[in-house]
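Order-wise, the sequence lines are chains A and B.
Be aware that the first sequence starts at 1, since it is given in my numbering, and climbs by one per residue.
Be aware that the second sequence starts at 1, since it is given in my numbering, and climbs by one per residue.
These notes are about the structure you will find just below.
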Amino acid sequence: MIEYNIVMCGVGGQGTVLASKIIAQTAIRNGINARVGETHGMSQRGGTVISHVRLGSEVYGALTPEGHGDCMLAFEPVESMRYMNYLRKDAFIVLNSHPLIPTSVNAGLATYPKFEIVEKELNRVSKNVISTDASKIATEIGGIISLNMVILGAFSKIPGCPFSADEMKKSIKELVKPRFVDLNLRAFDEGVEAYN
Amino acid sequence: MLLDNKPGLVELLMGNQAVVRGALEAGVSVACTYPGTPASEIGDTFAKNAEASNSYYWEYSTNEKVAFETALAGSWSNLRSIVAMKHVGINVAADALMSMTYGGNVAGLILAVGDDPSCFSSQNEQDSRNYCRFGMFPCMEPSSPQETKDMVKYAFDLSEKFRLPVLLRQTTRSAHCSGNVEYGSIPETRNEVKFTKDKLHKAVLPSHAYKLHPDLIARFSDLKKDICDSPWTRLTLSGKFGIIANGLTGNYVKEALHYEGIENISFLHLGITYPLPEDTLRKMINHCDKILVVEELDPITEETLIRLAFEMGKNIEIHGKDVLPETYEFNTRIVHKAILEVLSKKETVSCQGEDLPDQSVMPPRFPVLCPGCPHRATFYAIRKAVPKGIYPSDIGCYTLGIQPPLNAVDTCVCMGGSIGTGAALAHFNKEDIFATIGDSTFFHTGMPALVNAVWNKSKVNIVLVDNSITAMTGQQPNPSCGLTSTFGVHDEPILPEKVAEAVGVKFIRVVNPLNLKETTEVFKEAAAFKDGPTFIVSRSPCCMMKGFQKKPIVHINTETCISCKICTSKFSCPALIWDEEKKHPIVDETMCNGCGACIEVCPVGAITSKKEQ
Chain A
1 MIEYNIVMCG VGGQGTVLAS KIIAQTAIRN GINARVGETH GMSQRGGTVI
51 SHVRLGSEVY GALTPEGHGD CMLAFEPVES MRYMNYLRKD AFIVLNSHPL
101 IPTSVNAGLA TYPKFEIVEK ELNRVSKNVI STDASKIATE IGGIISLNMV
151 ILGAFSKIPG CPFSADEMKK SIKELVKPRF VDLNLRAFDE GVEAYN
Chain B
1 MLLDNKPGLV ELLMGNQAVV RGALEAGVSV ACTYPGTPAS EIGDTFAKNA
51 EASNSYYWEY STNEKVAFET ALAGSWSNLR SIVAMKHVGI NVAADALMSM
101 TYGGNVAGLI LAVGDDPSCF SSQNEQDSRN YCRFGMFPCM EPSSPQETKD
151 MVKYAFDLSE KFRLPVLLRQ TTRSAHCSGN VEYGSIPETR NEVKFTKDKL
201 HKAVLPSHAY KLHPDLIARF SDLKKDICDS PWTRLTLSGK FGIIANGLTG
251 NYVKEALHYE GIENISFLHL GITYPLPEDT LRKMINHCDK ILVVEELDPI
301 TEETLIRLAF EMGKNIEIHG KDVLPETYEF NTRIVHKAIL EVLSKKETVS
351 CQGEDLPDQS VMPPRFPVLC PGCPHRATFY AIRKAVPKGI YPSDIGCYTL
401 GIQPPLNAVD TCVCMGGSIG TGAALAHFNK EDIFATIGDS TFFHTGMPAL
451 VNAVWNKSKV NIVLVDNSIT AMTGQQPNPS CGLTSTFGVH DEPILPEKVA
501 EAVGVKFIRV VNPLNLKETT EVFKEAAAFK DGPTFIVSRS PCCMMKGFQK
551 KPIVHINTET CISCKICTSK FSCPALIWDE EKKHPIVDET MCNGCGACIE
601 VCPVGAITSK KEQ
């Protein structure tokens, strides 16, 4: 593998960091060079977050160069739009359609766009968008905390995904606390199904 | 996992974790820190592994100066020592740092620093290499977690050879980058403890310092020669166009050259970025007719290169800050463009970017206090009690009180600055001054300013927003939380109100900010008190701490709600979402942390506790 770039974005507290680690760990166990770049903002929860997982022999830096992202895992609709500059034309986008309303909207300082608008805006860069309410799925099977696993399950299904579902599940078992493994694996499988 | 003594094992480590692994492989015996983003995980990793490793002394110190002194004492005791801090932490440690270089260290001493170009979580972008120039000690900059680990081992040897501390400079980008790291072995034994009395080198009296300054310059110039042959000075001479890059920025150069398919360039990838390997730079100048220097922030390498070219009488083209910014972190795209500009070439690799989503449809997502954060309630009460005050604040999560609609922070300059500036603002202004400072920041540098406020009879009101943890950097213990540096139970927490009492503050109260009405009354009482400073400890644990996460407890009574929006537009908890169609708030139960402060915010009692139903 020469270069494969995954951009993950969402809101602080949604579990993007663990999801990035699971993909990178899978790469390392398969002998592939990996970089994960995280951006920790000032707030512990509720701010915009982006992390990059970069795989391959010609990868050095932690950030996906603009226009070179092969895939985006978007945990929140508005946050997906914010980071489209990192993607190449027609990159694959896995989108959680469940919005998290920022305080700017609650305070009446801005409005949250309708989902059709989000989709239309994403389509400017890529028509390969698959979306579902992954938050709802996670909540139903036992906790919003497993949202990241639903998204990872979906990631395993996209064309060009470098790893099989089984390879990623192995890393989940390695990195997740033992008592949460079952819930997380179930969430992963739900993600595989939901985005099918 | 981090302690596995299995050479050849490959693991995914973050830059900050790689610092720790490198130190362990170098036989470190003393480690300490004051936490600061982006360097916090260095300390956290030492803390997490201290008991299992049982091979090093470990502490969270009360500030960076104390931490540096702890590491210096380790070095004096013949123990390899490392201290971690963020870039502005060096400003606090500088008093010790700038003098100890004269006498020099004994065992290896590493200052692991996290710089923050682009100010992701800092009040400035200061370039730590300037301290190396100022104090005459070397700086090393890794480009990957693997290099970070290997560099720390090298740095300990370098530090011992020249009796100078080595500054390991990561930036946010490298400190928080994870990657493959191949482990080496961890030695079974450590240096023996031995303090050798040597007044000349360990006591910098004026007469000693006078003698030692020439010695420092001599050691530094030996080091300058030595690093030309270092494995971290990586020179490839090829074409007449050359690029010089520092650790991290070398990554962007490699990627840009790969995208462009450019091969025949000369490349100097610096791992030791101060002092510069001048003989190596001269080789570059002799070989190239055009050189581009790729360094973030200050033009330190570029200026040295210009001086050397001038001394050599070589009239070559030198580029740097003419094509690259002097602010913010770089990335591949920025460096790519600069290379093309210097080569007068057009971009051949297409980067899409012409048709991006419309920015105007994206609502901003400001960094906010967490749902359930007790600071929100404290700020809300301050604004209620003293709507027209001046609000100095400090460094911590609570600086987020600056955001609308709370607007409860007017100034913030440095650690402890809220009390120092707040006390003085009270001398000069007629408004009530309400200064907010966190528990950890109070012990860091707030205490001397409190003594000053009492002594000089300031009427400042100090609100100690005590969430019983150092929260913003990721929940580290501090003297008031009743925890040890390894998160064990401490018998004797040091309480801020006891400190205030001991130094003679006459108005001291302890409140729970989640009781909003009572807290507001105490703030009003404080504002009316004029016999010296007041000190109110607003104490409620950080809602992100283990064991303090609660289930949602509130219920919105839609019949009673008068749609006044105070809860969403004035109190602004992210877990209260305004439903525009139904005209009342709803509780996002996935976010609500069950603090219950919003119950007292509602003017008509439409937010009630579930228990009361």
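Idealized CB from N, CA, C, for every residue including glycine.
Quick caveat: nothing in here was measured; it's all calculated off a predicted structure.
Secondary structure of residue i, DSSP reduced to three states
i, result
"P585/B", "strand"
"N49/B", "helix"
"A471/B", "coil"
"G605/B", "coil"
"E501/B", "helix"
"T273/B", "strand"
"W578/B", "strand"
"A62/A", "coil"
"Y252/B", "helix"
"Q14/A", "coil"
"E260/B", "helix"
"W455/B", "helix"
"V53/A", "strand"
"H555/B", "strand"
"T484/B", "coil"
"L158/B", "helix"
"M544/B", "coil"
"G446/B", "helix"
"Q44/A", "coil"
"P102/A", "coil"
"L164/B", "coil"
is_contact[residue i, chain B] using C-beta, thresh 8 Å
i, result
"M84/A", "yes"
"E58/A", "yes"
"G1/A", "The amino acid occupying residue 1/A in the given sequence is Met; Gly does not appear at that position. Not an interface residue."
"Q44/A", "yes"
"K21/A", "yes"
"Y112/A", "yes"
"T48/A", "yes"
"I137/A", "no"
"Q245/A", "Residue 245/A lies beyond the stretch modelled for chain A, which goes from 1 to 196, so this question has no answer here."
"S104/A", "yes"
"R35/A", "yes"
"I6/A", "no"
"A62/A", "yes"
Pick from the options that is closest to residue i, judged by C-alpha positions
i, options, result
"S540/B", "Y34/B, Q126/B, V463/B", "V463/B"
"K86/B", "K48/B, W58/B, Y56/B, S128/B", "S128/B"
"M81/A", "L109/A, L63/A, V129/A, R35/A", "V129/A"
"D198/B", "W76/B, Q146/B, F310/B", "W76/B"
"G37/A", "A31/B, A96/B, P367/B, P145/B", "P145/B"
"R88/A", "I6/A, V181/A, F188/A", "I6/A"
"Y195/A", "V11/A, I50/A, A134/A", "A134/A"
"K384/B", "N180/B, Y328/B, T520/B", "T520/B"
"G438/B", "E317/B, L400/B, T233/B", "L400/B"
CB-CB length for residue i against residue j, believed under 8 Å
i, j, result
"L514/B", "C414/B", "The Cβ separation is near 30 Å, so there is no contact."
"P35/B", "Q476/B", "5 Å"
"V537/B", "V505/B", "About 11 Å separates the two Cβ atoms, so there is no contact after all."
"I32/A", "L18/A", "With a Cβ gap of about 19 Å, I32/A and L18/A do not count as contacting."
"N593/B", "K550/B", "6 Å"
"G47/A", "P574/B", "The Cβ separation is near 10 Å, so there is no contact."
"M100/B", "L72/B", "6 Å"
"L268/B", "T280/B", "7 Å"
Closer than 8 Å to chain E by CB, residue i
i, result
"K254/B", "Note that chain E does not occur in the displayed structure, where the protein chains are A and B."
Interface flag, residue i vs chain A, CB-CB below 8 Å
i, result
"D44/B", "no"
"H176/B", "yes"
"R173/B", "yes"
"C370/B", "yes"
> Is it a yes or a no for the region 490-497 of chain B touching the region 559-573 of chain B, going by three-plus beta-carbon pairs under 8 Å?
Replying inline: no
> If we count Cβ pairs, one from each stretch, closer than 8 Å, do we get three or more for the region 151-167 of chain B versus the region 164-178 of chain A?
Replying inline: no
> Taking three-plus beta-carbon pairs below 8 Å as touching, is the region 110-122 of chain A in contact with the region 53-66 of chain A?
Replying inline: no
> Any chance the region 333-342 of chain B sits against the region 240-260 of chain B, with 3 or more Cβ pairs inside 8 Å?
Replying inline: With a cut-off of 8 Å, the region 240-260 of chain B and the region 333-342 of chain B count as touching, because enough Cβ pairs lie within range.
> Touch check for the region 360-375 of chain B and the region 464-473 of chain B: three-plus C-beta pairs under 8 Å?
Replying inline: yes
> Does the count of Cβ pairs from the region 134-150 of chain A and the region 432-451 of chain B closer than 8 Å reach three?
Replying inline: no
> Does the region 161-173 of chain A come close enough to the region 111-118 of chain A to have 3 or more Cβ pairs within less than 8 Å?
Replying inline: no
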